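Heads up: the structure comes next, in structure tokens.
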Amino acid sequence: MDQLLPLPRSCYPSNLVSALRPGKRSIGVMARVNTPSQPMTELYLIQGEMPDTRDLDDARQWVTIYRELVTFADRTLSRLRREKGGNMEADGSNASDADERGIEGHLRRLQARLDFWERRLWELAGLDLDVRRRVLNYAGQRLTLTRREAELLAFLARRPGQFFPATQLVSLAWAAPELSAEQLRTYVVRLRRHLATTGVPARLVSEPRRGYGLVFTA
Numbered sequence: 203m204d205q206l207l208p209l210p211r212s213c214y215p216s217n218l219v220s221a222l223r224p225g226k227r228s229i230g231v232m233a234r235v236n237t238p239s240q241p242m243t244e245l246y247l248i249q250g251e252m253p254d255t256r257d258l259d260d261a262r263q264w265v266t267i268y269r270e271l272v273t274f275a276d277r278t279l280s281r282l283r284r285e286k287g288g289n290m291e292a293d294g295s296n297a298s299d300a301d302e303r304g305i306e307g308h309l310r311r312l313q314a315r316l317d318f319w320e321r322r323l324w325e326l327a328g329l330d331l332d333v334r335r336r337v338l339n340y341a342g343q344r345l346t347l348t349r350r351e352a353e354l355l356a357f358l359a360r361r362p363g364q365f366f367p368a369t370q371l372v373s374l375a376w377a378a379p380e381l382s383a384e385q386l387r388t389y390v391v392r393l394r395r396h397l398a399t400t401g402v403p404a405r406l407v408s409e410p411r412r413g414y415g416l417v418f419t420a
């Protein structure tokens, strides 16, 4: 399996290198790779990462961590490609190819871990959402959603605890920037009602000047 090697500290966002909160694990500590005494067949994980956790809050935290790391690695890769293009125009150099391939591999590994923790979060919450069929299953209940409701729930559930202004959310969740805040609010109210009726352990909340977000409550 590929080893999940950390990039240099300069390649991580500063808010992830510092401690999360007083009493929380430091990202600087977590970013160190586990010792190579593990069997080579095992995937190397960030220190403290336990894939078999039964704690919903742990899964939620790892989704947040890996989404930040994926976002920052993607920005780093884009910046490297821009700089590489400028260098090649200036002197024909192609020296950054190895760096680019290294970051591409790192980004793929981070994305794989993010995908895992998103699935794990939904599993621990007892949720199963089929966006294509627009069906949400929870605790033996089957709820049929509209296309926009399913897409909105899927987008926010992949980003637990993150908030998005209405103008941003209609573009990111639906690719429909022409929709108004009032139209979005209609879908939000209906989705809130669905979640409450089925007892799903999540709330679609709104906060002034921050927007809408999905908060898991179990």
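Position one of the sequence shown corresponds to residue 203 (the working numbering), numbered consecutively onward. For each residue, glycine too, the CB sits at the ideal point set by N, CA and C. Treat the numbers as computed from the prediction; the structure is a model and nothing was measured.
The segment 366–376 and the segment 328–348 do not touch, with fewer than three beta-carbon pairs separated by less than 8 Å.
Contact fails between the segment 379–387 and the segment 314–326, because fewer than three Cβ pairs, one in each stretch, are under 8 Å apart. DSSP, reduced to helix, strand and coil, places VAL391 within a helical segment of the structure shown.
In the displayed model, GLY307 falls within a helix according to three-state DSSP. At least 8 Å separates the beta-carbon of ARG405 from that of VAL391. By the Cβ criterion, the segment 345–354 is not in contact with the segment 303–318, since fewer than three pairs of Cβ atoms, one from each stretch, lie closer than 8 Å.
Close CB contacts of LYS286 within its chain, under the 6 Å cut and outside five residues either way in sequence, are with SER298 (chain order). In the structure shown, ARG283 falls within a helical segment according to DSSP collapsed to helix, strand and coil.
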